Amino acid sequence: MKCAICNLHETNIPEIVDVAKFWVVRLNPSSSVQGYRIIEPKRHVENWNELSNDEFAEMGDLIKKLEINLKEMYNAERVYVVTISEQVRHLHLHVIPRAEDSALKGLPLINNAIL
Ligand SMILES: [Zn+2]
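Just so you know, the UniProt record's numbering puts 93 at position 93 of the sequence shown, and the rest follows in order with no gaps.
As structure tokens, then:
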């Protein structure tokens with residue numbers, strides 16, 4: 001069975017907001033947190049040590065760019081980057097803005113946002 005993320009990348013899903021050389025950035029349409037993004041490598045990678053230095057460098061650039069955008073667009077005071085990749089083994093990073101006036105912060109917000 002093919003992985004869910006690889007399947008998604010084969011379709012023209014509207015959630016995709018940015019496509020770089022090695023990575024895709026897409027919206028998380030099922031979360032209540034506005035601005036929630038997911039960064040995923042284009043190729044199927046399950047372990048960090050499988051990434052090339054170029055792939056790591058581009059991932060860093062995307063995180064920097066997203067943080068700037070999310071602070072501007074959603075008045076985010078903090079931008080959380082969380083990666084677990086347990087249920088879906090294809091590596092992916094959850095990028096979750098925390099607005100200045102958010103009642104939830106830290107793990108409670110992340111838990112609420114991801115579920
Ligand atoms: Zn995959």
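All C-beta atoms in this analysis are idealised placements derived from N, C-alpha and C, irrespective of residue type, glycine included. Keep in mind it's a predicted model, so treat the numbers as computed, not measured.
Under 8 Å between C-beta atoms of residue i and residue j
i	j	result
Arg37	Val45	no
Leu93	Val79	no
Glu58	Trp23	yes
Leu27	Val17	yes
Ile13	His90	no
Lys62	Ile39	First, the amino acid is wrong: residue 62 is Leu here, not Lys. Result yes, Cβ atoms of Leu62 and Ile39 sit closer than 8 Å.
Glu10	Pro29	no
Check: residue i C-beta below 7 Å from any heavy atom of ligand 1
i	result
His94	no
Ile5	yes
For residue i, the residue or residues it bridges with in DSSP
i	result
residue 123	The structure shown has nothing for residue 123, since the chain only spans 1 to 115.
Val79	Pro97
Pro41	Trp23
Asp18	Val25
Cβ separation of residue i and residue j, assumed to be a contact under 8 Å, to the nearest whole Å
i	j	result
Ala99	Glu67	Not quite, the Cβ-Cβ distance comes to about 14 Å (not below 8 Å), so this is no contact.
Ala113	Ser52	Incorrect: roughly 30 Å between the Cβ atoms, too far for contact.
Gly35	Pro97	4 Å
Val88	Cys3	7 Å
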